[in-house]
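Numbered according to the working numbering, the sequence shown spans residues 1 to 160.
One structure is given below, encoded as structure tokens.
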Amino acid sequence: MPSFDIESKVDQHELTNAIDQSNRVIGNRFDFKGTNSEILLNENKITLKSQQSFQIDQMLPILKESLAKRGIDIKCLSEEPTIESNNQASKEISINEGISQEIGRMINQAVKSSKIKVQSSIQGDTVRISGKKRDDLQSIMAEIKSLDVELPLQFKNFRD
1 MPSFDIESKV DQHELTNAID QSNRVIGNRF DFKGTNSEIL LNENKITLKS
51 QQSFQIDQML PILKESLAKR GIDIKCLSEE PTIESNNQAS KEISINEGIS
101 QEIGRMINQA VKSSKIKVQS SIQGDTVRIS GKKRDDLQSI MAEIKSLDVE
151 LPLQFKNFRD
């Protein structure tokens, strides 16, 4: 029985490469000379540090551009407000991974309302879709891509 999984994950290796690339760009820019501006990665949080908040606002597009070039969808980021203290400013950005129960239910509902003969089940932070025909699964993929979900979805593990 053909099946595939829907998940939302970020490639950690590409994320590290994008942050390293952003740090190189920031290090080479004239307006960041001597400001000790840097981007750090701690597990599922990216921290932008600089002397002033306007520099953080300039670092953010550099980071987003590097992530986009590396194929990481920016929808997986959730920004927190910039924190300023003494002469140091920082901003934390969380990386959202995994499909929540709420989004999983929304995908299940969309699959059921499409009237295509497939089954969907939530398995932790992934949703498995299985059906009798490969064409049905491909039409469900198109249906799910058209949904408005705030996370980037990947279709993995397609088995025939």
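Built from N, CA and C at the ideal position, the CB exists for glycine as well.
DSSP places glycine 131 in the uninterrupted beta strand (DSSP E) bounded by 126-131.
8 Å or more divides the Cβ of isoleucine 144 from the Cβ of valine 10. Secondary structure at lysine 117: coil, using DSSP grouped into helix, strand and coil. Here the alpha carbons of glutamate 38 and isoleucine 26 stand approximately 7 Å from one another. With distances taken between CA atoms, glutamate 80 lies nearest to Lys45 out of Gly71, Gln123 and Lys45.
The count of Cβ pairs closer than 8 Å, one atom from the region 83-90 and one from the region 125-140, stays below three, leaving the stretches out of contact. Distances from the CA of threonine 47 to each of Leu147, Gly71, Thr126 and Thr16 were compared; the closest alpha carbon is that of Thr16.
About 37 Å separates the Cβ atoms of isoleucine 93 and isoleucine 116, ruling out a contact at the 8 Å cut-off. As a beta-bridge residue in DSSP terms, phenylalanine 4 pairs with Ile129.
In this chain, the alpha helix (DSSP H) harbouring arginine 24 covers 12-28. Taken through DSSP and simplified to helix, strand or coil, arginine 159 comes out as strand.
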